[in-house]
Structure formats: C-alpha cells, structure tokens
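Enquirer: Please read through the structure below; I'll follow up with questions.
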Ligand SMILES: [Zn+2]
C-alpha cells in the first residue's frame, strides 16, 4: 500500500467563483489532517472540508477555506484526523440488549445447547415493536459513538421500528425483516409463509424507498430454514428493486453437513443451483468455503461481511483470498453471540490477528496484510458492500458527507508519527470525537446533537429492566 502526501490545494472542487465572495455552506471543518481513503491514500495536512446539504462540496487548505466560505456551523479539528465513517455490514439490532446476557446466565448454571435455539430464538420471538425501537436506539447510538456511520441489518423482527430509531439517531442504514418459512420448530411469531414474506418485504422496501438515509432490503435467515421457492423469489424481488439480499452462509459445520445430506451440495453450491449466488447477494460470515465455492464467489461477485469477533470460532475464513481476488468484503459486528462491542476499529484489529495467525505465523512471515488495508476494508469496502460505492467510503467533493473526526493525540496514541498508522493501529472507537452523517453533525465532541442521549439512556435503563424480567419468564416456560 503506497501513501502520498499532497498539498491540500491538490484536491479542490471544480467551480469558478469570485475571490471576494464568501460562499455560504452549512458546515466547515478546518485544521484537520484529512485521510481521504482514496486508492492512493491521499493525506492532506491543515485541511478543510466544506459541506452543503448532504454533500462535501470542497476539500482544500484551511487558509483557503477561510477566504472561500461562510459557514453556518464550524468545527475546529486541529490536531485531529478526519476520515470517512465506517460501515457495519452485518449487525443484529434485535439482539443488542442480549449482548453479555448469556455469560451472566452461564454463571448461574449450565447453558442449554445450542444457544441459538434455546436463548436467541425465544428472545427474538418475544420482542415487541417498542423493544426493537429501544434496541435500535441503544445499538445506533453505540455505533455512532465509535465511528460507524452506516449499518446493514442482518434481519430481525419489526424492521419499521429499526428504521424509526435510525431516523431519530441520524445514522445511515438498511433495515431488514428476517424471513423463515421452512422450519416448524422455530417459534410461531418468527415463522411466515412464502407469500407473506414476499408481500411484507416488498411493502417494507416501498415504505422506506424515499427516506434520505434509511433503506430496506430483503433478508433470508439461512438455507436450513428457508424454502427453495422463497430463496429464488426473494432474489427476484431483490433484483426488481435494485437492492441486495442479506443472508447468513457457510457459518457452521452443521450447515455444511445439512446441505450435503439434503441436497448433495455444499451451502454455496446449493444457492448457486437456485441462481441466488450473484452480485446482489450479501453472504455474512462465508467461513467454511471449499476451493470450488471460493471460485463461485469470485465468478458470481458475491459480497461478504467478515465478522472477525466470531468467524474464527467457526473455522479459517478465506478472507485473504477474497480480498486479493476482488471479492467485495466489508466488516461486521454480528449479534449477541459475538464477543466484542459494535466497534469496527476493533473488528479490523481482530481480523489482522486472525490473518497473521493463519497465513503468516506458520511460515515465519509478518507481511500478510497491513492494519491500514484492513481499516480501508471497514471503510471503503463497507461502502461498496452497502451499494454506496461512489457515494461514501472516500472523502471527495461530490460525495455524501459521512465522515468522522478522530483523536490521534491521546496518551496511548502518543507520539503520532503517522496519522494513517495511528487510526489503523492505535485507535479504537473511543477516540472518535465527532460524527457527520448525510451532512449533519450527529455527534460533536462526544455529545449527541440529534437526540437527548441522557434521556434516551434513562429510557433504555427502564425498558431493559422490564424486558429482562419478561425474558426470564420466557426462559422458564
Ligand atoms: Zn448474524
């Protein structure tokens, strides 16, 4: 990966203007080290970003910005880095309140196995719309606070309530309804028929089609609980709406064994036989892939969400091969079964350790992949997986203004010889100070401007108590 340092004037917007006239803009960030995350890793010192409406209109020197622009809101970012926001490509809004709960339960007594059937499904099955709204507020505030500006929901109950929470917090995202039509053993509230799944998914996509930041996509829970017809028709619906289809794939040995026993094919081969494996498919995890399945991913252009917090529990993901062969990859945090927080900086760190251990250490080789490249996957790769290539993931005039202001001068980051190294290696989400999404300052100096975070937290505390009481009752029944 090469780095270039340009003078700020090298990346200015086109557009002639009189030298005297100060042009009005909504937001002007000045004094920053701007990491554009373009292919050349362009870095600008003492740089400014001008935002009008939803978009970046200009990037250049702070000195020139002072002459050019009169801003409604100004943000002084001296000593800080400005970089594009991160995209969480696989997350479970509904499971947010359950994170850490199973560990607490395990301290009281032995857990029943498998957890997804005895703990996750009963939990999701009892959730009300208000539970999801609160869960969404909780999850999306957490995301913004660690620099995530866009999320792709894996699929859960009450997706409209997710959208309402995302709207309130000010985050960009895609909501989805989890569909299961072929397993009579899952709780009735989580089952549907093929026709209802298609009808409700289409209506959901239509309801959110004109929102500036929130969209809806179709989702399939996974191959073992969805009928062939549902999977084919959901892909047809996805194509008709220019959307993506989010699912879990190759995330457990049980799934591979099931597919081989039932269809004589491995999971990705089976989806390929249904013509579902294609550029519209976002296949979360994708850990247990054969050499042949990997070829099909490359040929068909399938997108992948790499969830490093739990992928390495499942097997050895072919992540390096995916990256080197051009498979679109982003990073995801996944649900309550993952051991980490909703912090994609930390997911990228975990991915580097995983890749080093698998591909480097056995050969006494340290140069497998850099932290900078893995952070770029969480930033630029995530934007591509979200279908936002050309819109987010790179800072440039004309793009959507989704960016974050990050400290690189904390005690545990000092000294900062190189800002890109600092954000890729020495930074977690806790160092994110301010967040701009869709041109709007959502968090300024760690204070939320869109919602009253204190009041939201008080509401969450109150709601969580009642919800956990109901869960305890559900687990006993
Ligand atoms: Zn998942």
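In my numbering, the protein residues as written are 7 to 483. Using N, Cα and C, we set each Cβ at its ideal position, and we do this for glycine too.
Would you mind sorting residue 74 into buried or exposed? The rule is 16 or more other CB atoms within 10 Å of its CB.
Expert: Result: buried.
Enquirer: With DSSP as the reference, label residue 202 as helix, strand or coil.
Expert: Here residue 202 sits in helix by DSSP.
Enquirer: Grab me the residues of residue 342's own chain with a C-beta within less than 6 Å of its C-beta, minus the 5 sequence neighbours each way, in chain order.
Expert: Excluding sequence neighbours, residue 342 sits near 101, 104 and 105.
Enquirer: Quick check on the burial criterion: 16 or more other C-beta atoms within 10 angstroms. Buried or exposed for residue 183?
Expert: By the neighbour-count rule (16 or more Cβ atoms within 10 Å), residue 183 is buried.
Enquirer: The alpha helix (DSSP H) spanning residue 140 covers which residue range?
Expert: Where residue 140 is concerned, the enclosing alpha helix (DSSP H) stretches over 135-151.
Enquirer: Would you kindly report the start and end of the unbroken beta strand (DSSP E) that includes residue 29?
Expert: Element bounds for residue 29: 29-41.
Enquirer: Whole angstroms is fine: what's the gap from residue 415's alpha carbon to residue 35's?
Expert: Residue 415 and residue 35: Cα-Cα distance of roughly 18 Å.
Enquirer: Identify which residue in 197, 296, 281 and 361 has its Cα closest to the Cα of residue 313.
Expert: Comparing Cα positions, the closest option is 361.
Enquirer: Excluding five sequence neighbours on each side, which residues of the same chain lie with their C-beta closer than 7 Å to the C-beta of residue 31?
Expert: Cβ within range, chain order: 56, 57, 58, 63, 75 and 77.
Enquirer: Would you check whether ligand 1 has a heavy atom nearer than 7 Å to the C-beta of residue 465?
Expert: Because no heavy atom of ligand 1 lies under 7 Å away, the Cβ of residue 465 does not count as near it: no.
Enquirer: Note down the Cα distance separating residue 373 from residue 338, rounded to an integer number of angstroms.
Expert: Whole-angstrom Cα-Cα distance: 24 Å.
Enquirer: Can you name the start and end residues of the alpha helix (DSSP H) that residue 125 belongs to?
Expert: Counting along the chain, residue 125 falls outside any alpha helix (DSSP H), and DSSP gives it neither H nor E.
Enquirer: Please look up how many angstroms separate the CB atoms of residue 435 and residue 153, rounded, as I've assumed it's under 8 Å.
Expert: At roughly 5 Å, the Cβ-Cβ gap stays under 8 Å, so residue 435 and residue 153 are in contact.
Enquirer: Using CA atoms only, rank isn't needed, just tell me which of 86, 158, 384 and 261 is closest to residue 354.
Expert: Ranking 86, 158, 384 and 261 by Cα distance to residue 354 puts 384 first.
Enquirer: Residue 398 bridges to which residues according to DSSP?
Expert: BP columns for residue 398 point to 395.
Enquirer: If you compare alpha carbons, which of 150, 331, 332 and 483 is closest to residue 93?
Expert: Checking every option, the nearest Cα to that of residue 93 belongs to 150.
Enquirer: Using the C-alpha atoms, what's the distance from residue 186 back to residue 199?
Expert: Between residue 199 and residue 186, the C-alpha separation is close to 8 Å.
Enquirer: Suppose the cutoff is 7 Å on Cβ atoms and the five residues either side in sequence are ignored; what does the same chain contact list for residue 233 look like?
Expert: Cβ neighbours of residue 233 beyond the five flanking positions: 187, 188 and 200.
Enquirer: Got a list of residues with beta-carbon closer than 6 Å to any non-hydrogen atom of ligand 1, in chain order?
Expert: Here the residues come out as 96, 98, 160, 254, 290, 340 and 341.
Enquirer: I want to know whether the region 475-482 touches the region 124-132 - three or more CB-CB distances under 8 Å.
Expert: The answer is yes - the region 124-132 touches the region 475-482, with three or more Cβ pairs under 8 Å.
Enquirer: Going by C-alpha distance, which of 472, 437, 430 and 454 is nearest residue 41?
Expert: For residue 41, the nearest C-alpha among the options comes from 430.
Enquirer: Check whether the Cβ of residue 288 sits closer than 7 Å to any heavy atom of ligand 3, and report yes or no.
Expert: Ligand 3 is absent from the structure shown, which contains only ligand 1.
Enquirer: Please classify residue 371: does DSSP put it in a helix, a strand, or coil?
Expert: Here residue 371 sits in coil by DSSP.
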